[in-house]
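Chain order of the listed sequences is L and H.
Taking our numbering, the leading residue of the first sequence gets 629, the next gets one more, and so forth.
Taking our numbering, the leading residue of the second sequence gets 1087, the next gets one more, and so forth.
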Amino acid sequence: MISPAARDRRRFVLLMLAPATVLLIGLTLVPFIVSVLFSLSNFSLITPDDFAFSWFENYGKMFDSPEFWNALRITVIFTIAAVAVELVLGVGIAALLHFETRAVPFLRLVYLLPLAITPVAAVFTFRIMLNPSLGIFNYMLKQVGLPPQDWLGTPGMALATLVVVDAWQWTPFIMLIAAGGLAAMDEEPLEAAQMDGAGPITSFFHHSLPMLFPYLAVAVVFRSIDAFKTFDIIFVLTGGGPGIATRTLNLLAYKQGIEFLSMGYAAALAIVMLIITIIASQAFLRRINLFRPKAAL
Amino acid sequence: MKADRRQPLQPLSTRVRAGRALMPWIRRAVLWIFALWCLFPIYWLVTMSLKRQVDAISRKPKFIFEPIWDNYLSVLANGEVWQYFQNSAIVALGATALSLILGIPTAYVLARYRFTGNADFGFWILSTRMTPPVAMLIPFFVVYVQTGLFDTYIGLILAHVAIIISIVVWLMKGFFEDLPSEMEEAAFMDGATHFQAFFHICLPVTLPGIAAVAILAFLFSWNEFLFSLVLADRIQTVPVGLYSFVGYQQIAWGELSASAVIMLAPVLAFVFVFQRQLVRGLTLGAIK
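Put into structure tokens, the structure is as follows:
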């Protein structure tokens, strides 16, 4: 028999969980299942009445098409390049800021801006600054005697520019997490090492960096997941161009689904993206054990 | 033997000392260059909005110019910006309120009560944030078109709740975990029910946390682009409006920048006023 107290407790837990659970089932689980079903069908909003299940036809078509492999390659390059740049810069700036004494609150405030600002507005500003003939970037290049660049017009350069803009927006994310990790760190081993004559740079790499790893792991996982599904920056800055040089999986799925209205194929793309994300994130997040309640009632 | 190899302390050589004296200045220079890099696009946007057309598109970018307010006046007279503002405000406030009401109780239970599947439930909620947006967008689009939710405030609010509720739950869970569990234990001793412990003991203490999460939820909804773009047509939110501006008037940079600045105003205000609270939210609770 369940005691009245245990029954009360269980009723409370269920009641508290119910509203969000119902909503999340309706808004995320059901759409997900619908997406899976779409991906197994020929569903297109242009000819909705011809709906039929075509099973794995979409997936077969996708794995046979060069545009999918191209998009996957670009997505992976973009994600790795962006996260790598952000990680190195973010940790570096956090380390420098840790020892800085002047104007730290102001610097922190400024570093926060790229994260909070409406991405579309920031990206739009970058578009103006990157304009080949009138933009400030090419003007600066000319001042130092370098040839002007077609930042968004040539394939390799366009992808590199996207990485830079992404790094502008997201380096502060890694920097803030790394700075928080440094602030929470026990300084004693570091001081001991410096007493033994280790320079600040050596002691940072040997002592602080290893202790930062748990923080950086979280930062890199979150950032990679987000970079993998970047939309705003690419959509507004290049729209996937020139040609298909910056068309990531996300943009390809958007194009297929929302522009060409072939929902089945777009859903298949989205499902493949989801599977990649789940495999990558499960592997990391389960390991770092974020999901145990700390106090229990 | 080992102790012998350890070098006795010696005065540092001049080179090393010069290097150490220079370090703070190199460090400072790097930090300020990075600050400049973070700030520059925003600075450039603001100056563009204050420039005449000839100054804005002059081949030699002008750092010194006579500021004018004409761009702002013509944008504000146009009225479209107000409409975007109103749409975004309705959607963001609605989505924030709904996601708090639904998310806070869940977060509390996840933080405080051990039950079968607690960790899985937490992971499921966080995983909704990892889902590529297109995977949700396509069913949303189809269902919205067929049920009439397309291009309605309710439709946009629900879509935004789906996006931000995971962050609300995740962050609020962190705030509840910070509270000592003795608080509720004492309340239970006094005969309080679980509901009373939650409503009267824990909720009031976490109000600052709730405020921080509310600001962040509002910000995420205000900045959201993809769902607002696809799931509505006449109801354009701020980012969508800005994007459509870019499409229509490629070269009217002055007016475009002025509208962008106006649309950024609430975001900037939030950053300046709630800097500390935002850090925790924007790092997804990794930094307390």
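Note that the Cβ used here is the ideal one computed from N, Cα and C, for glycine as well.
Which of the three DSSP states, helix, strand or coil, is assigned to F671(L)?
coil
Check distances from the C-beta atoms of the stretch 1161 to 1195 of chain H to those of chain L and list, in chain order, the residues that come in under 7 Å.
L1188, G1189, P1191, T1192, Y1194 and V1195
State the CB to CB distance for the pair G871(L) and P783(L), rounded to an integer number of angstroms; the pair is presumed to be in contact (CB under 8 Å).
7 Å
C-beta neighbour in chain H for R635(L), strict 8 Å:
no
Sequence-distant residues of the same chain with beta carbon closer than 7 Å to L643(L), five excluded per side
none
Around the Cβ of P1266(H), are there at least 16 other Cβ atoms within 10 angstroms (buried) or fewer (exposed)?
exposed
CA-CA distance, N1048(H) and I1249(H)?
Examination of residue 1048(H) is not possible in this model, given that chain H is present from 1087 through 1374 alone.
Whether F850(L) touches L1370(H) by CB criterion (8 Å):
yes
Quick one, which of V1359(H), M1269(H) and R1320(H) has its alpha-carbon nearest A1297(H)'s?
V1359(H)
DSSP three-state call for F1151(H): helix, strand or coil?
coil
For V738(L) and I903(L), what's the separation of their Cα atoms in angstroms?
37 Å
Flag this pair as yes or no: are the beta carbons of A873(L) and A898(L) separated by less than 8 Å?
no
Residue range of the alpha helix (DSSP H) that includes P1294(H):
L1293 to N1309
How would you label Q964(L), buried or exposed, when you count the other beta carbons within 10 angstroms and need 16 or more for buried?
Residue 964(L) lies beyond the stretch modelled for chain L, which goes from 629 to 925, so this question has no answer here.
Residues of chain H with CB under 8 Å from G885(L), in chain order?
V1220, L1223, I1224 and F1227
Can you list the residues of chain H that Y882(L) reaches, using a CB-CB cut of under 7 Å?
V1220
Does the stretch 876 to 896 of chain L touch the stretch 1336 to 1348 of chain H, meaning 3 or more C-beta pairs lie closer than 8 Å?
no
Nearest-angstrom Cα separation, counted from L780(L) out to I862(L):
11 Å
DSSP beta-bridge partners of F681(L)
S669(L)
For V900(L), which option in D636(L), S682(L) and F691(L) has the closest C-alpha, if you only look at C-alpha atoms?
F691(L)
Counting pairs of beta carbons, one from the stretch 1252 to 1259 of chain H and one from the stretch 1162 to 1171 of chain H, are three or more of them closer than 8 Å?
no
Check the Cβ-Cβ distances between M813(L) and every residue of chain H, and say whether any is below 8 Å.
no
Nearest-angstrom Cα distance between Y1230(H) and S1307(H)?
19 Å
What residue from I802(L), V848(L), S631(L) and D824(L) has the CA that sits closest to G720(L)'s CA?
I802(L)
Using a C-beta cutoff of 8 Å, does L740(L) count as contacting chain H?
yes
Chain H beta carbons: is any one of them nearer than 8 Å to that of A786(L)?
no
Given that a residue counts as buried once 16 or more other Cβ atoms are within 10 Å of its Cβ, and exposed if not, what is W1339(H)?
buried
Examine chain H for any beta-carbon lying closer than 8 Å to the beta-carbon of P647(L), and answer yes or no.
yes
May I have the straight-line CA-CA distance separating G827(L) from L1302(H), to the nearest angstrom?
40 Å
Span of the alpha helix (DSSP H), counted from its first residue to its last, around N1204(H):
N1204 to M1216
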